[in-house]
Amino acid sequence: MNNFNFMIEVFITDIQNISQAQAVSAIIQKEIPEFTIHYDFNETALQFPCGHTILRVEGIRINCDKIMETVRSQGFKCEILEDKICSNKEVKKEFWEEAFKGNQEMWGLTPAKSTVLVNQLFVENKVNSVLIPGIGYGRNAQIFIDNGMTVTGIEISETAIELGKKHFGNQMTIYHGSVMDMPFDNNTYNGIYCYGLIYLQDKTEREKLIQDCFNQLTENGLMVFTAITKDAHTYGKGTFISKDRYEMFGGVQIYFYDIESITEEFGQFGLFEISEVNENYPFYLIKCRKFV
């Protein structure tokens, strides 16, 4: 065998189970018996291509088009594996889209306890315009609207936006997209509220989100973030990703904060108070002001 002609090609498919993979592999090997075929399943509920089965083909002079044609002839999707099938934004979009499709108004329509506290803070400081990155279907927005504030949201799930329109009509503007693509307008806001969002990002994303929010804050404006604490019973559970960050609940990646990490990430952005509030999990309320 000329080792320089030996090849390995990796494909992704939407094959669902082992019996289907075995059947497709048998057909490929019947047509091209000199190939060795392995398969593996991506443990995710996401749709193709973010969720996929791996088909690994080894042999001499692999005809990729022929492999894909054979798999597709059996009713499955098949593509060559790219270096990066889905960006982090695409994965999150798919995850939350499926979550809202399956669970609809999963948190009800009552604002979170944290939101009630933040509303009091905003009222006391005469906040009149609020930006809510990760607004979901808007359950945390109504209390601000009821207190005379205009609300603008950012939401990655189209289903969540439609649910928000069903309940709240056109009382607020919601931009469709990832918070990683901020800003969505040239406006500044004297109140920004991020509930249940910052701790779902990796370090680079957290840094960007904090900076982007700060950039859209008016002078003397307030921004408040909720962050899950290390006192949560889920801390240290699931699959370890990096320091204080774990994957659980079918693909959610959570970073658990303490006072030190809050100070490190928010210290240069007008951090003036850290308080604690118990929702279903223990949270920190991280309060920052854009001092002049």
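Its first residue numbered 602, the sequence shown is counted upward by one per residue in our numbering. We put the beta carbon where it would ideally sit given N, CA and C, even for glycine. Quick caveat, the model's predicted, so the values are computed rather than measured.
Excluding five sequence positions before and after Asn748, the CB atoms of its chain that fall closer than 7 Å to its own CB belong to Asn720, Val724, given in chain order.
Secondary structure of Tyr738 (DSSP, three-state): coil.
In the structure shown, Phe873 adopts extended strand secondary structure according to DSSP, grouped into three states. The segment 783–801 makes contact with the segment 823–830, as at least three CB pairs between them are under 8 Å. If you look at Leu810, you'll find it in the alpha helix (DSSP H) that goes 804–816.
A straight line joining the alpha-carbon of Met783 with that of Ile755 spans about 9 Å. With fewer than 16 other CB atoms across the displayed protein chains lying within 10 angstroms of its CB, Met849 is exposed. CA-to-CA, the gap between Ile863 and Phe870 works out to about 11 Å.
C-alpha of Ile775 to C-alpha of Tyr738: approximately 10 Å in a straight line. Counting along the chain, no beta strand (DSSP E) covers Arg662, and no H or E run does either. Annotation: Lys714 is outside any beta strand (DSSP E); the continuous alpha helix (DSSP H) that includes it extends over 714–725. Beta-bridge annotation (DSSP): Asp747 is not paired with any residue. For Ile775, there is no enclosing alpha helix (DSSP H); the residue is found in the beta strand (DSSP E) stretching over 774–777. Bounds of the alpha helix (DSSP H) holding Gly765 are 759–769. Taking the Cβ atoms as the reference, Arg740 lies roughly 20 Å from Gly778, outside the contact range of under 8 Å. Spatial neighbours of Asp813 in its own chain (CB-CB distance under 6 Å, excluding positions within 5 residues in sequence) are listed in chain order as Met783. Rounded to whole angstroms, the gap between the alpha carbons of Ile619 and Thr654 is 10 Å. Within a 10 Å sphere around the beta-carbon of Ile842 sit fewer than 16 other beta-carbons, which makes this residue exposed. Between Met824 and Ile793, the C-beta spacing is below 7 Å. Restricting attention to Ile613, Lys667, Ile616, Gln617, the CA atom closest to the CA of Lys631 is found in Lys667.
Counting along the chain, the unbroken beta strand (DSSP E) around Val853 starts and ends at 853–856. In the DSSP assignment, Phe867 falls within the unbroken alpha helix (DSSP H) covering 860–867.
Counting of Cβ neighbours within 10 angstroms places Gly837 among the exposed residues, the total staying below 16. Counting the other CB atoms within 10 Å of its CB gives Ile860 a total below 16, which places it among the exposed residues. Of the candidates Arg807, Pro634, Asn664, Leu886, Leu886 places its Cα closest to the Cα of Ala713. Per DSSP, Glu848 is one residue of the beta strand (DSSP E) stretching across 846–849. Sequence-distant partners of Ile811 (beyond 5 residues in either direction) whose C-beta falls short of 7 Å from its own C-beta, in its chain, are Glu866, Phe867, Phe870. With fewer than 16 other beta carbons inside 10 angstroms of its own, Phe873 counts as exposed. Beta-bridge pairing by DSSP links Phe884 to Ile829, Val878. Between Ala742 and Val752, the gap from beta carbon to beta carbon is short of 7 Å. Beta-bridge pairing by DSSP links Ile638 to Val658.
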